[in-house]
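Down below is the structure, laid out as structure tokens.
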Amino acid sequence: MKWALTITFSFFLLLTQAQQKINFSIVVGGKDVGDFYVTKSVSGDTTVYAGVSKTQVSLAKMFAIDYTVNVIHVGGELWRSTMRNIVNNDTRDALEVKRESGVFKVFEEGELERTISNKPDISSLEMYYSEPKGVSKTLSEVQGLLKNVTLVKEHVYKVEGESSYESYFHYKDGELQKVLVHYSLAKFEIRRD
-5 MKWALTITFS FFLLLTQAQQ KINFSIVVGG KDVGDFYVTK SVSGDTTVYA
45 GVSKTQVSLA KMFAIDYTVN VIHVGGELWR STMRNIVNND TRDALEVKRE
95 SGVFKVFEEG ELERTISNKP DISSLEMYYS EPKGVSKTLS EVQGLLKNVT
145 LVKEHVYKVE GESSYESYFH YKDGELQKVL VHYSLAKFEI RRD
């Protein structure tokens, strides 16, 4: 029920406010396998970032992957994020990060898994809208973890996750052009349309 309320609230905010929308393609091995779009809505001191992807990938069998993430900032501070990953109509991951009493509580499938006491400089979804100049930590809405952000070369930033995961964010004139994602079993690109 909490997930439904959070998603409904975020959807309502998105419908009632002016939006900025950016479209991306998801590319694996040179082949376009899906779409990812992100929106940013601002109302007063509340900013909502939303990301939705629909992907179909064929490995040994066909996988339909639907991914949604919502990030809410109030007064310029991260307040809450929710993420849901559905594979072949089965929820694989449901994660919520909620700010309470100066810490961030990470809930997986509704259960408190951990707390994060350090404040992130930016959320990962925000990085689709602004080049992370001077940023050293981001919150991964997908894993509910703080990750290091490192400037690799001019306008290219590395986000380090677990040992088998890293992403490279490429910007031009302050706008995100592409993200190269490296997992241990897969590599793909999120490319601006």
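Everything in the sequence shown is counted per this note's numbering, starting at -5 for the first residue and increasing by one.
Here a beta-carbon is modelled for each residue, glycine too, at the ideal position from N, C-alpha and C.
**OP:** Check TYR123 in the structure and name its three-state DSSP category.
**Re:** Position 129 of the sequence shown, counted from the start, is the residue given in the question as residue 123. For TYR123, the three-state secondary structure derived from DSSP is coil.
**OP:** For the beta strand (DSSP E) holding LYS99, just list the boundary residues, first then last.
**Re:** Taking the first residue of the sequence shown as 1, we reach residue 99 at position 105. If you look at LYS99, you'll find it in the beta strand (DSSP E) that goes 97 to 102.
**OP:** Round the Cβ separation of MET121 and LEU170 to the nearest angstrom and send it over; I've been treating them as touching at under 8 Å.
**Re:** Mapped onto the sequence shown, residue 121 falls at position 127. Mapped onto the sequence shown, residue 170 falls at position 176. Correct: roughly 7 Å between the Cβ atoms.
Subject >> Collapsed DSSP secondary structure at ILE1 in the structure displayed >> reply: Along the sequence shown, read from residue 1 onward, the residue named residue 1 stands at position 7. Caution applies to ILE1, whose pLDDT of 49 falls short of 50 and renders its modelled position unreliable; the value that the coordinates give is listed next. Of the three classes helix, strand and coil, the one that applies to ILE1 here is helix, per DSSP.
Original post:
Just the Cα atoms here: how many angstroms apart are ARG74 and THR109?
Top reply: As a first step, residue 74 is located in the sequence shown; it is residue number 80 there, counting from the start. As a first step, residue 109 is located in the sequence shown; it is residue number 115 there, counting from the start. For ARG74 and THR109, the distance between alpha carbons rounds to 13 Å.
Subject >> DSSP beta-bridge partners of HIS67 >> reply: For the purposes of this step, residue 67 is identified with residue 73 of the sequence shown, where counting begins at 1. DSSP lists THR41 and LEU72 as partners of HIS67.
Original post:
Cα separation between ALA58 and GLU160?
Top reply: In the sequence shown, residue 58 corresponds to position 64, counting from 1. In the sequence shown, residue 160 corresponds to position 166, counting from 1. Cα to Cα, the separation comes out at about 23 Å.
**OP:** Along the beta strand (DSSP E) that carries ASP87, what are the first and last residues, could you check?
**Re:** In the sequence shown, counting from the first residue as 1, residue 87 sits at position 93. Annotation: the continuous beta strand (DSSP E) that includes ASP87 extends over 84 to 94.
**OP:** Closer than 6 Å by C-beta to LYS131: which residues in its own chain qualify, once you throw out the five before and the five after it? Chain order, please.
**Re:** The residue you call residue 131 lines up with position 137 of the sequence shown. Cβ within range, chain order: PRO114, ASP115 and LEU140.
Original post:
Is SER117 helix, strand or coil by DSSP?
Top reply: Sequence index remark: in the sequence shown, residue 117 carries index 123 (1-based). Look at SER117 here: in three-state DSSP terms it is strand.
**OP:** Find out if the Cβ-Cβ distance for the pair LEU89, LYS99 is shorter than 9 Å.
**Re:** On the sequence shown, position 95 is the one that residue 89 refers to. On the sequence shown, position 105 is the one that residue 99 refers to. No, Cβ-Cβ distance for LEU89 and LYS99 is not below 9 Å.
**OP:** Look at the alpha carbon of LYS181 and the alpha carbon of GLU135, and state the distance between them as a whole number of angstroms.
**Re:** Indexing the sequence shown from 1 puts residue 181 at position 187. Indexing the sequence shown from 1 puts residue 135 at position 141. LYS181 and GLU135: Cα-Cα distance of roughly 19 Å.
Original post:
How big is the Cα-Cα spacing for ASP39 and HIS67?
Top reply: The residue labelled residue 39 in the question sits at position 45 within the sequence shown. The residue labelled residue 67 in the question sits at position 73 within the sequence shown. Note on geometry: alpha-carbon atoms of ASP39 and HIS67 lie some 8 Å from one another.
Original post:
For PRO126, which residues from the same chain have a beta carbon less than 6 Å from its beta carbon, with the 5 sequence-adjacent residues on both sides left out?
Top reply: Locating residue 126 in the sequence shown gives position 132, where the first residue counts as 1. So the qualifying residues of the chain are ILE116, VAL143 and TYR151.
Subject >> 8 Å contact criterion, which LYS34 and GLN14 should meet: CB distance rounded >> reply: The count along the sequence shown starts at 1 and reaches residue 34 at position 40. The count along the sequence shown starts at 1 and reaches residue 14 at position 20. Taking C-beta atoms under 8 Å as the contact rule, LYS34 and GLN14 qualify, at a distance of about 5 Å.
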